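**Student:**
Numbering (mature numbering (1 follows the signal peptide of the UniProt record, and there is no 0)), first residue to last: -25 to -1, 1 to 274.
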(Lines of atoms letter the chains of each structure in order from A and count residues from 1; the text may use other names and numbers.)
(Lines give C-alpha, C1' and ligand atoms only; values in the text may rest on other atoms or scores of the structure.)
Protein backbone atom coordinates (compact mmCIF):
# COMPACT_ATOMS: atom_id res chain seq x y z
CA UNK A 1 0.00 0.00 0.00
CA UNK A 2 2.80 2.49 0.85
CA UNK A 3 4.42 1.84 -2.52
CA UNK A 4 1.23 2.88 -4.39
CA UNK A 5 0.81 6.04 -2.28
CA UNK A 6 4.38 7.10 -3.08
CA UNK A 7 3.75 6.40 -6.75
CA UNK A 8 0.64 8.66 -6.82
CA UNK A 9 2.45 11.37 -4.89
CA UNK A 10 5.34 11.33 -7.35
CA UNK A 11 2.87 11.46 -10.23
CA UNK A 12 1.22 14.53 -8.71
CA UNK A 13 4.49 16.34 -7.95
CA UNK A 14 5.78 15.85 -11.48
CA UNK A 15 2.56 16.57 -13.32
CA UNK A 16 1.18 19.50 -11.33
CA UNK A 17 4.19 21.89 -11.62
CA UNK A 18 4.57 21.14 -15.31
CA UNK A 19 0.90 21.79 -15.96
CA UNK A 20 1.07 25.13 -14.12
CA UNK A 21 4.24 26.24 -15.88
CA UNK A 22 2.75 25.42 -19.24
CA UNK A 23 -0.46 27.27 -18.43
CA UNK A 24 1.44 30.40 -17.39
CA UNK A 25 3.55 30.25 -20.56
CA UNK A 26 0.63 30.17 -22.97
CA UNK A 27 0.63 33.99 -23.39
CA UNK A 28 4.41 34.36 -23.70
CA UNK A 29 5.53 32.75 -26.92
CA UNK A 30 5.52 29.60 -29.01
CA UNK A 31 8.93 28.74 -27.57
CA UNK A 32 7.37 28.30 -24.18
CA UNK A 33 4.64 26.20 -25.73
CA UNK A 34 7.27 24.01 -27.29
CA UNK A 35 9.14 23.70 -23.98
CA UNK A 36 5.91 22.73 -22.24
CA UNK A 37 5.24 20.04 -24.79
CA UNK A 38 8.74 18.67 -24.25
CA UNK A 39 8.32 18.66 -20.47
CA UNK A 40 4.96 16.93 -20.76
CA UNK A 41 6.50 14.26 -22.98
CA UNK A 42 9.35 13.75 -20.50
CA UNK A 43 6.93 13.38 -17.61
CA UNK A 44 4.71 10.98 -19.57
CA UNK A 45 7.75 8.87 -20.45
CA UNK A 46 8.86 8.84 -16.82
CA UNK A 47 5.39 7.83 -15.66
CA UNK A 48 5.30 5.03 -18.24
CA UNK A 49 8.63 3.75 -16.93
CA UNK A 50 7.31 3.86 -13.36
CA UNK A 51 4.25 1.92 -14.45
CA UNK A 52 6.51 -0.66 -16.12
CA UNK A 53 8.52 -0.99 -12.91
CA UNK A 54 5.30 -1.41 -10.96
CA UNK A 55 4.19 -4.17 -13.34
CA UNK A 56 7.51 -5.96 -12.94
CA UNK A 57 7.17 -5.74 -9.17
CA UNK A 58 3.67 -7.19 -9.41
CA UNK A 59 5.02 -10.05 -11.53
CA UNK A 60 7.81 -10.70 -9.01
CA UNK A 61 5.32 -10.72 -6.13
CA UNK A 62 3.14 -13.19 -8.03
CA UNK A 63 6.15 -15.45 -8.63
CA UNK A 64 7.11 -15.20 -4.95
CA UNK A 65 3.59 -16.25 -4.00
CA UNK A 66 3.89 -19.33 -6.24
CA UNK A 67 7.28 -20.19 -4.70
CA UNK A 68 5.91 -19.80 -1.16
CA UNK A 69 3.03 -22.14 -2.02
CA UNK A 70 5.46 -24.74 -3.37
CA UNK A 71 7.70 -24.43 -0.29
CA UNK A 72 4.69 -24.91 1.97
CA UNK A 73 3.76 -28.02 0.00
CA UNK A 74 7.30 -29.41 0.41
CA UNK A 75 7.25 -28.71 4.16
CA UNK A 76 3.89 -30.48 4.48
CA UNK A 77 5.24 -33.50 2.60
CA UNK A 78 8.29 -33.58 4.89
CA UNK A 79 5.99 -33.39 7.90
CA UNK A 80 3.97 -36.34 6.60
CA UNK A 81 7.14 -38.36 6.01
CA UNK A 82 8.27 -37.66 9.57
CA UNK A 83 4.94 -38.85 10.94
CA UNK A 84 5.15 -42.17 9.09
CA UNK A 85 8.65 -43.23 10.13
CA UNK A 86 8.93 -47.01 10.02
CA UNK A 87 12.10 -47.38 12.11
CA UNK A 88 14.23 -45.62 14.72
CA UNK A 89 16.71 -44.74 11.98
CA UNK A 90 14.03 -42.45 10.53
CA UNK A 91 12.24 -41.40 13.71
CA UNK A 92 15.39 -40.18 15.50
CA UNK A 93 17.18 -38.97 12.36
CA UNK A 94 17.05 -35.29 13.36
CA UNK A 95 17.52 -35.39 17.13
CA UNK A 96 19.99 -38.31 17.40
CA UNK A 97 18.78 -38.67 20.99
CA UNK A 98 17.61 -41.81 22.78
CA UNK A 99 13.97 -41.68 23.79
CA UNK A 100 10.37 -42.46 22.89
CA UNK A 101 9.26 -41.93 19.28
CA UNK A 102 6.28 -42.91 17.12
CA UNK A 103 6.60 -45.20 14.10
CA UNK A 104 4.08 -46.67 11.65
CA UNK A 105 4.07 -50.08 9.99
CA UNK A 106 1.78 -51.18 7.17
CA UNK A 107 1.86 -54.71 8.57
CA UNK A 108 0.71 -53.47 11.96
CA UNK A 109 -2.61 -51.74 11.21
CA UNK A 110 -0.91 -48.60 9.85
CA UNK A 111 -1.62 -46.87 13.16
CA UNK A 112 1.35 -45.07 14.81
CA UNK A 113 2.67 -46.63 18.02
CA UNK A 114 5.35 -45.63 20.50
CA UNK A 115 8.78 -47.28 20.64
CA UNK A 116 12.02 -46.60 22.50
CA UNK A 117 14.97 -45.71 20.27
CA UNK A 118 18.57 -46.17 21.43
CA UNK A 119 21.04 -43.73 19.86
CA UNK A 120 24.04 -44.63 22.01
CA UNK A 121 25.10 -48.01 20.58
CA UNK A 122 26.98 -48.30 17.28
CA UNK A 123 25.79 -45.03 15.68
CA UNK A 124 22.22 -45.43 16.93
CA UNK A 125 18.99 -46.26 15.16
CA UNK A 126 18.24 -49.24 17.44
CA UNK A 127 14.66 -50.07 18.44
CA UNK A 128 14.38 -51.66 21.89
CA UNK A 129 12.25 -54.82 21.89
CA UNK A 130 13.11 -56.11 25.39
CA UNK A 131 14.63 -54.61 28.54
CA UNK A 132 15.13 -55.81 32.13
CA UNK A 133 16.64 -53.41 34.65
CA UNK A 134 14.76 -54.36 37.83
CA UNK A 135 12.10 -56.69 39.21
CA UNK A 136 9.41 -53.99 39.00
CA UNK A 137 7.60 -55.75 36.14
CA UNK A 138 6.57 -59.41 36.21
CA UNK A 139 7.51 -61.19 32.95
CA UNK A 140 5.55 -64.33 33.83
CA UNK A 141 2.69 -63.47 31.44
CA UNK A 142 0.21 -65.32 29.24
CA UNK A 143 0.12 -65.58 25.44
CA UNK A 144 -2.10 -62.53 24.93
CA UNK A 145 0.20 -60.28 26.96
CA UNK A 146 3.33 -61.48 25.18
CA UNK A 147 1.53 -60.94 21.88
CA UNK A 148 0.48 -57.35 22.66
CA UNK A 149 3.44 -56.28 24.79
CA UNK A 150 3.73 -54.93 28.34
CA UNK A 151 5.85 -52.82 30.67
CA UNK A 152 7.18 -49.27 30.50
CA UNK A 153 8.97 -48.12 27.34
CA UNK A 154 12.04 -46.64 29.04
CA UNK A 155 12.23 -49.21 31.86
CA UNK A 156 11.27 -52.91 32.02
CA UNK A 157 9.61 -53.69 28.73
CA UNK A 158 8.51 -56.25 26.13
CA UNK A 159 7.43 -54.82 22.75
CA UNK A 160 4.98 -57.59 21.85
CA UNK A 161 5.26 -60.49 19.41
CA UNK A 162 2.79 -59.04 16.91
CA UNK A 163 4.84 -55.85 16.53
CA UNK A 164 8.04 -57.88 16.47
CA UNK A 165 6.70 -59.98 13.60
CA UNK A 166 5.54 -56.86 11.71
CA UNK A 167 8.94 -55.20 12.13
CA UNK A 168 11.15 -58.14 11.19
CA UNK A 169 8.99 -59.35 8.31
CA UNK A 170 8.65 -55.88 6.75
CA UNK A 171 12.37 -55.57 6.13
CA UNK A 172 15.58 -57.35 7.13
CA UNK A 173 16.75 -56.46 10.66
CA UNK A 174 19.83 -57.21 12.75
CA UNK A 175 19.70 -58.00 16.46
CA UNK A 176 21.88 -56.54 19.22
CA UNK A 177 21.75 -57.90 22.79
CA UNK A 178 23.35 -56.12 25.77
CA UNK A 179 23.99 -58.05 28.97
CA UNK A 180 25.42 -56.89 32.31
CA UNK A 181 26.48 -58.90 35.35
CA UNK A 182 26.06 -57.75 38.93
CA UNK A 183 29.84 -57.39 39.05
CA UNK A 184 29.55 -54.62 36.47
CA UNK A 185 31.01 -56.49 33.50
CA UNK A 186 29.17 -55.93 30.22
CA UNK A 187 28.82 -58.23 27.20
CA UNK A 188 27.09 -58.16 23.87
CA UNK A 189 25.80 -60.57 21.23
CA UNK A 190 25.07 -59.35 17.72
CA UNK A 191 23.30 -61.24 14.94
CA UNK A 192 23.29 -60.11 11.30
CA UNK A 193 19.63 -61.07 10.82
CA UNK A 194 16.61 -61.65 13.04
CA UNK A 195 13.14 -62.76 11.90
CA UNK A 196 10.09 -63.69 13.97
CA UNK A 197 7.19 -65.51 12.29
CA UNK A 198 3.45 -64.84 12.51
CA UNK A 199 0.97 -65.86 15.19
CA UNK A 200 -0.47 -68.58 12.95
CA UNK A 201 3.03 -70.10 12.91
CA UNK A 202 3.44 -69.72 16.67
CA UNK A 203 5.73 -66.63 16.47
CA UNK A 204 8.78 -68.82 15.81
CA UNK A 205 12.37 -67.57 15.80
CA UNK A 206 12.64 -68.21 12.05
CA UNK A 207 16.02 -66.73 11.15
CA UNK A 208 19.09 -65.75 13.16
CA UNK A 209 22.08 -64.51 11.19
CA UNK A 210 25.82 -64.63 11.82
CA UNK A 211 26.93 -64.09 15.42
CA UNK A 212 29.61 -61.75 16.71
CA UNK A 213 30.28 -60.48 20.21
CA UNK A 214 31.67 -61.16 23.67
CA UNK A 215 28.72 -62.92 25.32
CA UNK A 216 28.90 -66.19 23.42
CA UNK A 217 26.29 -67.50 20.99
CA UNK A 218 23.51 -68.76 23.25
CA UNK A 219 20.55 -68.04 20.96
CA UNK A 220 21.38 -70.01 17.80
CA UNK A 221 20.10 -73.30 19.28
CA UNK A 222 16.66 -71.71 19.69
CA UNK A 223 16.23 -71.07 15.95
CA UNK A 224 13.10 -72.72 14.57
CA UNK A 225 11.37 -72.87 17.95
CA UNK A 226 7.90 -71.46 18.47
CA UNK A 227 7.27 -69.04 21.32
CA UNK A 228 6.10 -70.59 24.59
CA UNK A 229 4.17 -68.96 27.44
CA UNK A 230 2.68 -70.35 30.62
CA UNK A 231 -0.64 -71.00 28.82
CA UNK A 232 0.77 -71.95 25.39
CA UNK A 233 3.26 -74.83 25.49
CA UNK A 234 5.25 -75.06 22.23
CA UNK A 235 8.62 -76.28 23.54
CA UNK A 236 10.29 -79.68 23.10
CA UNK A 237 10.30 -80.56 26.79
CA UNK A 238 7.77 -83.35 27.23
CA UNK A 239 7.78 -83.39 31.03
CA UNK A 240 6.69 -79.82 31.64
CA UNK A 241 6.12 -76.35 30.22
CA UNK A 242 9.45 -74.46 30.16
CA UNK A 243 7.69 -71.10 30.55
CA UNK A 244 6.10 -72.34 33.78
CA UNK A 245 9.43 -73.68 35.06
CA UNK A 246 11.38 -70.51 34.24
CA UNK A 247 8.54 -68.04 34.88
CA UNK A 248 8.56 -66.22 31.56
CA UNK A 249 7.92 -66.64 27.83
CA UNK A 250 10.69 -67.51 25.33
CA UNK A 251 11.62 -69.55 22.26
CA UNK A 252 12.30 -72.61 24.40
CA UNK A 253 13.82 -75.85 23.19
CA UNK A 254 14.04 -78.17 26.19
CA UNK A 255 14.32 -75.84 27.89
CA UNK A 256 16.90 -73.07 27.30
CA UNK A 257 20.49 -72.17 26.47
CA UNK A 258 19.39 -68.59 27.01
CA UNK A 259 16.31 -67.03 28.55
CA UNK A 260 16.11 -63.27 29.06
CA UNK A 261 12.47 -63.17 30.19
CA UNK A 262 12.83 -65.44 33.21
CA UNK A 263 12.23 -64.28 36.78
CA UNK A 264 14.28 -61.09 37.11
CA UNK A 265 17.87 -61.61 36.19
CA UNK A 266 17.68 -63.49 32.93
CA UNK A 267 20.14 -66.13 31.84
CA UNK A 268 22.70 -66.40 29.02
CA UNK A 269 24.58 -69.69 28.85
CA UNK A 270 27.59 -68.16 27.12
CA UNK A 271 28.32 -66.11 30.24
CA UNK A 272 27.27 -68.52 32.96
CA UNK A 273 24.71 -71.30 32.96
CA UNK A 274 23.36 -70.68 36.46
CA UNK A 275 24.11 -66.99 36.92
CA UNK A 276 21.36 -64.40 36.74
CA UNK A 277 22.07 -61.04 35.11
CA UNK A 278 21.67 -57.51 36.43
CA UNK A 279 20.28 -56.09 33.18
CA UNK A 280 19.42 -57.23 29.66
CA UNK A 281 18.39 -55.37 26.54
CA UNK A 282 17.44 -56.61 23.08
CA UNK A 283 17.40 -54.17 20.14
CA UNK A 284 16.82 -54.41 16.39
CA UNK A 285 17.80 -52.17 13.47
CA UNK A 286 17.22 -52.32 9.69
CA UNK A 287 20.20 -53.75 7.80
CA UNK A 288 22.02 -52.00 4.95
CA UNK A 289 20.24 -54.28 2.48
CA UNK A 290 16.90 -53.25 3.95
CA UNK A 291 17.75 -49.54 3.68
CA UNK A 292 18.78 -49.96 0.04
CA UNK A 293 15.47 -51.64 -0.78
CA UNK A 294 13.55 -48.92 1.03
CA UNK A 295 15.37 -46.17 -0.89
CA UNK A 296 14.67 -47.89 -4.22
CA UNK A 297 11.02 -48.31 -3.29
CA UNK A 298 10.78 -44.62 -2.39
CA UNK A 299 11.95 -43.66 -5.88
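We put the beta carbon where it would ideally sit given N, CA and C, even for glycine. Keep in mind the model is a prediction, meaning the values are calculated, not measured.
Which residue from 269, 252, 222, 230 puts its Cα closest to that of residue 113?
**Tutor:** Working through the chain shown from its first residue, we reach residue 113 at position 138. The shortest Cα separation from residue 113 among 269, 252, 222, 230 belongs to 222.
**Student:** For the beta strand (DSSP E) containing residue 255, name the first residue and the last one.
**Tutor:** Numbered from 1 along the chain shown, position 280 holds the residue referred to as residue 255. It spans 254 to 261 - the beta strand (DSSP E) in which residue 255 sits, taken as one unbroken run.
**Student:** Run through DSSP, which three-state label would residue 204 get?
**Tutor:** Residue 204 sits at position 229 when you count from the first residue of the chain shown. Strand.
**Student:** Residues in its own chain within less than 7 Å of residue 157 by CB, not counting five upstream and five downstream?
**Tutor:** Here residue 157 refers to the residue found at position 182 when the chain shown is read from its first residue. Contacts found: 253.
**Student:** Under a three-way DSSP split, which group does residue 134 fall into?
**Tutor:** Locating residue 134 in the chain shown gives position 159, counting from the first residue. Note: residue 134 maps to coil in three-state DSSP.
**Student:** Mapping the DSSP letters down to three states, classify residue 105 as helix, strand or coil.
**Tutor:** Counting from 1 along the chain shown, the entry for residue 105 is found at position 130. The three-state reading of DSSP puts residue 105 in strand, counting E and B together.
**Student:** Would you kindly report the start and end of the unbroken alpha helix (DSSP H) that includes residue 317?
**Tutor:** For the chain, the structure presents residues -25 to 274; residue 317 sits outside this window and is missing.
**Student:** By Cβ distance below 6 Å, which residues in the same chain neighbour residue 137 in space, the five residues on each side in sequence not counted?
**Tutor:** By one-based count along the chain shown, residue 137 stands at place 162. Closer than 6 Å at Cβ, skipping near neighbours: 122.
**Student:** Check the C-beta distance from residue 141 over to residue 80 and give it rounded, since I have them as a contact under 8 Å.
**Tutor:** Numbered from its first residue, the chain shown carries residue 141 at position 166. Numbered from its first residue, the chain shown carries residue 80 at position 105. Under the criterion of beta carbons closer than 8 Å, residue 141 and residue 80 qualify as touching, at roughly 5 Å.
**Student:** Alpha carbons only, please: which of 200, 210, 162, 209 is nearest the one belonging to residue 187?
**Tutor:** In the chain shown, residue 187 corresponds to position 212, counting from 1. Comparing Cα-Cα distances from residue 187 to each of 200, 210, 162, 209, the minimum goes to 162.
**Student:** Considering only their Cβ atoms, is the gap separating residue 224 from residue 202 smaller than 9 Å?
**Tutor:** Residue 202 sits at position 227 when you count from the first residue of the chain shown. Residue 224 sits at position 249 when you count from the first residue of the chain shown. Yes.
**Student:** Run the CB neighbour count on residue 214, radius 10 Å, all protein chains shown included, and call it buried at 16 or more, exposed below.
**Tutor:** Indexing the chain shown from 1 puts residue 214 at position 239. It is exposed - the Cβ of residue 214 has fewer than 16 other Cβ atoms within 10 Å.
**Student:** Answer yes or no: do residue 261 and residue 226 have a C-beta to C-beta separation smaller than 9 Å?
**Tutor:** One-based indexing of the chain shown puts residue 261 at position 286. One-based indexing of the chain shown puts residue 226 at position 251. Cβ distance not < 9 Å, so residue 261 and residue 226 don't count as in contact.
**Student:** Quick one: measure Cβ to Cβ for residue 131 and residue 109, integer angstroms, because I've assumed they're closer than 8 Å.
**Tutor:** By 1-based counting over the chain shown, the position of residue 131 is 156. By 1-based counting over the chain shown, the position of residue 109 is 134. 6 Å between Cβ atoms; contact.
**Student:** For residue 92, name the three-state secondary structure that DSSP assigns.
**Tutor:** Stepping through the chain shown from its first residue, residue 92 is reached at position 117. If DSSP states are grouped into helix, strand and coil, residue 92 belongs with the strands.
**Student:** Check residue 232 in the structure and name its three-state DSSP category.
**Tutor:** Taking the first residue of the chain shown as 1, we reach residue 232 at position 257. In the displayed model, residue 232 falls within coil according to three-state DSSP, outside both helix and strand.
**Student:** Spatial neighbours of residue 236 within its chain, please: C-beta separation below 6 Å, excluding the five flanking residues on both sides.
**Tutor:** For the purposes of this step, residue 236 is taken as residue 261 along the chain shown, with counting starting at 1. Residues 114, 223, 224, 225 of the same chain have their beta carbon placed closer than 6 Å to that of residue 236, with the five preceding and five following residues left out of the count.
**Student:** Can you find the residues in the same chain that come closer than 7 Å, C-beta to C-beta, to residue 228, ignoring five residues on each side of it along the sequence?
**Tutor:** Within the chain shown, the letter at position 253 stands for residue 228. Correct list, in chain order: 196, 197, 200, 210, 211.
**Student:** For residue 139, which residues in the same chain have their Cβ closer than 7 Å to its Cβ, ignoring the five residues on either side in sequence?
**Tutor:** As a position in the chain shown, residue 139 is number 164, starting the count at 1. Excluding sequence positions up to five before and after residue 139, its CB lies within less than 7 Å of the CB of 104, 171, all in the same chain and listed in chain order.
**Student:** DSSP on residue 173, reduced to helix/strand/coil?
**Tutor:** For the purposes of this step, residue 173 is taken as the residue at position 198 of the chain shown. DSSP places residue 173 in coil when its eight states are reduced to three.
**Student:** Can you name the residues that DSSP bridges to residue 212?
**Tutor:** On the chain shown, position 237 is the one that residue 212 refers to. Per DSSP, none; premise fails for residue 212.
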